[in-house]
Amino acid sequence: MSFQFDQKSFHAKEANIVVVEPARHMQILYRSMLSASGVRSLRVFASAERAAESILATPPDIVLVDWGDERPVGEYFLDQFRDQRLYPVCLIPIIVMMSVVRKGRFNKAIRLGAHAVLGKPISSAKLFDYITWILASEFPMELNGSRYVVPNLLQRVDAEFANSSKFGADSMAEAQHMAQINSIQSDVDRILNSAFY
456 MSFQFDQKSF HAKEANIVVV EPARHMQILY RSMLSASGVR SLRVFASAER
506 AAESILATPP DIVLVDWGDE RPVGEYFLDQ FRDQRLYPVC LIPIIVMMSV
556 VRKGRFNKAI RLGAHAVLGK PISSAKLFDY ITWILASEFP MELNGSRYVV
606 PNLLQRVDAE FANSSKFGAD SMAEAQHMAQ INSIQSDVDR ILNSAFY
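Heads up: the sequence shown begins at 456 in the numbering used here, then just goes up one per residue.
This is the structure:
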């Protein structure tokens with residue numbers, strides 16, 4: 456499959472991909488999904504440390520890393536790999552995978568230099584589309600302090616944070632309204648359960 460971007464032909468199936476995923480069943484799923492998409496070069500690792508050795512020895516075109524719920528594997532990985540001392544390896548595109556995408560986690564991943572944050576589960580077609588888009592787009596990266604980040608994404612996160620402080624009161628009112636709705640729904644469920652059981 457060939458994609459056109461800025462008059463350039465890009466063959467995503469020829470990409471060298473590294474996956475950092477501690478869960479065995481997810482490792483198998485990634486292998487299956489990416490192989491089904493036609494990816495020929497795929498390395499899967501359970502730990503960031505093992506992946507780091509392989510990446511430094513043979514840099515891939517892109518990395519998919521699990522953020523981690525109990526242990527923040529993705530946070531650690533981004534923190535280490537975006538350091539300017541690892542130039543040019545620190546410029547490799549990184550997609551962060553999260554089982555639950557929360558705003559705070561999303562913002563942190565972008566601030567640490569992620570190119571994208573995707574929620575799990577995800578279809579193989581959608582994952583392949585994101586990989587292709589990121590590789591074909593060649594997002595420019597800039598040094599921010601001692602680490603490289605994607606400036607366009609970082610600016611969006613910063614702008615959203617600035618706007619959110621303006622609308623804090625609206626968010627609080629909305630949260631209270633949702634709490635009332637949930638409370639009413641709980642009462643309705645309790646009444647229905649007691650009436651029929």
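All C-beta atoms in this analysis are idealised placements derived from N, C-alpha and C, irrespective of residue type, glycine included. Quick caveat: nothing in here was measured; it's all calculated off a predicted structure.
Residue i versus the options, residue with shortest Cα-Cα distance
i: F536; options: M552, L608, A507, N607; result: A507
i: E469; options: R479, Q482, L497, I483; result: L497
i: H570; options: A491, S487, V612; result: V612
i: W522; options: I586, R505, I565, A512; result: I565
i: F583; options: R505, T513, P514, V518; result: V518
i: S509; options: S492, I472, L533; result: I472
i: I550; options: G568, P514, D538, L598; result: G568
i: P514; options: K563, Y542, G574, N607; result: Y542
i: G529; options: Q539, V556, A512; result: V556
i: Y585; options: R505, Q539, S492; result: S492
i: L484; options: P576, P606, D538, G559; result: P576
i: E597; options: L608, Q482, G574; result: L608
i: G574; options: P595, M552, G559; result: M552
Simplified DSSP assignment, three categories, for residue i
i: S578; result: coil
i: L541; result: helix
i: E597; result: strand
i: V494; result: coil
i: L546; result: helix
i: D584; result: helix
i: L567; result: coil
i: V556; result: coil
Rounded separation between residue i and residue j - CA only
i: S578; j: S601; result: 35 Å
i: P527; j: V572; result: 14 Å
i: S554; j: F561; result: 12 Å
i: H480; j: R486; result: 10 Å
i: V475; j: A614; result: 30 Å
i: D524; j: A591; result: 30 Å
i: V520; j: F532; result: 8 Å
i: M488; j: A478; result: 15 Å
i: D516; j: V494; result: 12 Å
i: I589; j: N599; result: 20 Å
i: D538; j: Y603; result: 7 Å
i: P595; j: P606; result: 8 Å
i: Q610; j: K581; result: 25 Å
i: F622; j: K558; result: Here F622 scores only 48 on pLDDT, less than 50, and its place in the model is too uncertain to base an answer on.
Endpoints, alpha helix (DSSP H) assigned at residue i
i: I483; result: 479-491
i: V528; result: 528-536
i: E476; result: Counting along the chain, E476 falls outside any alpha helix (DSSP H), and DSSP gives it neither H nor E.
i: E504; result: 503-512
Residue interval of the beta strand (DSSP E) (run including residue i)
i: I549; result: 549-553
i: R653; result: Residue 653 lies beyond the stretch modelled for the chain, which goes from 456 to 652, so this question has no answer here.
i: D521; result: 517-521
Chain B contact for residue i (CB, 7 Å cutoff)
i: V520; result: Protein chain content of the structure displayed is limited to a single chain, and chain B is not contained in it.
- Message: I'd like to know if the stretch 499-506 and the stretch 542-550 are in contact, where contact means that at least 3 CB-CB pairs between them fall below 8 Å.
- Response: no
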